[in-house]
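Report on the structure given below.
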Amino acid sequence: MIKYRPSDFSEVAPVWREKLWSAEYDFQSTSCMIYPSGYDIDIPKKYSAVFFVAEDEGKIVGVYSGHLTSPEHFRARGLYVDPDYRGQGISRQLFNLILAEAKKQKATLLWTTPRQSSWATYASFGFTQDSEFTHEGFRYGPNCYASMKVSTDNRLISFLKNYFLL
Ligand SMILES: CC(C)(COP(=O)(O)OP(=O)(O)OC[C@H]1O[C@@H](n2cnc3c(N)ncnc32)[C@H](O)[C@@H]1OP(=O)(O)O)[C@@H](O)C(=O)NCCC(=O)NCCS
1 MIKYRPSDFS EVAPVWREKL WSAEYDFQST SCMIYPSGYD IDIPKKYSAV
51 FFVAEDEGKI VGVYSGHLTS PEHFRARGLY VDPDYRGQGI SRQLFNLILA
101 EAKKQKATLL WTTPRQSSWA TYASFGFTQD SEFTHEGFRY GPNCYASMKV
151 STDNRLISFL KNYFLL
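Here the sequence shown is numbered in UniProt numbering, starting from 1 and rising by one per residue.
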């Protein structure tokens, strides 16, 4: 049975390095990208990231992370599910945890920069495409900016707390 739990950068970084990005990319636990474009180099000083993993009998089979990029904006970042475990709703469960965290941190907008190759998944989560897909500014593109409003309805948070004991 797949279990979902909070994690940290040291556990998720190897998955990102080996499966999603590459050894050449010196990524950090937070990104300086902001929505709807540009960078804020103070983000690592201002905000820290949360991490969640999906685990099957001790094996990490999915990861997702996120952090505020302004008091109102929360970025979802680094979604990856092991190929052997795709198509069973794991990314959706991880997304629900990130959305709950965005609500908990009082963000009003959840944003991300999905790859075109995974856009169907992000659209199914409810993201709206906000820019054209492009390679410019993206290492593993084409990507675009995408976002959704974060509802202030707290029922989802209560539900997730009860089920995952966050
Ligand atoms: C994208 C990815 C995370 C999806 O993970 P997953 O656990 O297989 O996704 P889920 O089973 O939770 O499916 C979520 C939704 O996406 C849809 N989906 C998933 N894979 C899809 C595909 N290849 N084509 C079309 N739709 C797809 C599902 O239909 C589902 O929607 P639904 O619930 O309305 O049916 C996974 O394929 C992956 O890790 N890909 C490589 C890394 C990557 O591209 N990460 C995103 C970087 S921006």
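Where a beta carbon is used, it is the ideal one built from N, C-alpha and C, also for glycine.
If contacts are defined as beta-carbon pairs under 8 Å, then residue i and residue j qualify, I think. What distance do you get, rounded to the angstrom?
i           : j          : result
residue 91  : residue 62 : 7 Å
residue 89  : residue 20 : Not really, about 19 Å apart at Cβ, beyond 8 Å.
residue 93  : residue 68 : About 22 Å; that fails the 8 Å criterion.
residue 53  : residue 18 : About 14 Å; that fails the 8 Å criterion.
residue 102 : residue 66 : 7 Å
Give a yes or no on whether the C-beta atoms belonging to residue i and residue j are separated by under 8 Å.
i           : j           : result
residue 208 : residue 128 : The structure shown does not extend to residue 208, since the chain is modelled only from 1 to 166, so the question has no answer here.
residue 42  : residue 34  : no
residue 113 : residue 143 : yes
residue 76  : residue 98  : yes
residue 116 : residue 133 : yes
residue 64  : residue 15  : no
residue 130 : residue 6   : no
residue 4   : residue 164 : yes
Taking contact to mean 3 or more Cβ pairs, one atom from each stretch, closer than 8 Å, check whether the segment 63–75 and the segment 131–146 are in contact.
no
So does the segment 44–52 actually touch the segment 16–32, counting three or more Cβ pairs closer than 8 Å?
yes
With contact counted as at least three CB pairs below 8 Å, one residue from each stretch, are the segment 80–90 and the segment 103–113 in contact?
Segments in contact, no.
Output the residues surrounding ligand 1, defined as those with a CB atom closer than 5 Å to any ligand heavy atom, in chain order.
Residues with a Cβ closer than 5 Å to any heavy atom of ligand 1, in chain order: 79, 80, 81, 86, 87, 89, 90, 91, 92, 114, 115, 118, 120, 121, 124.
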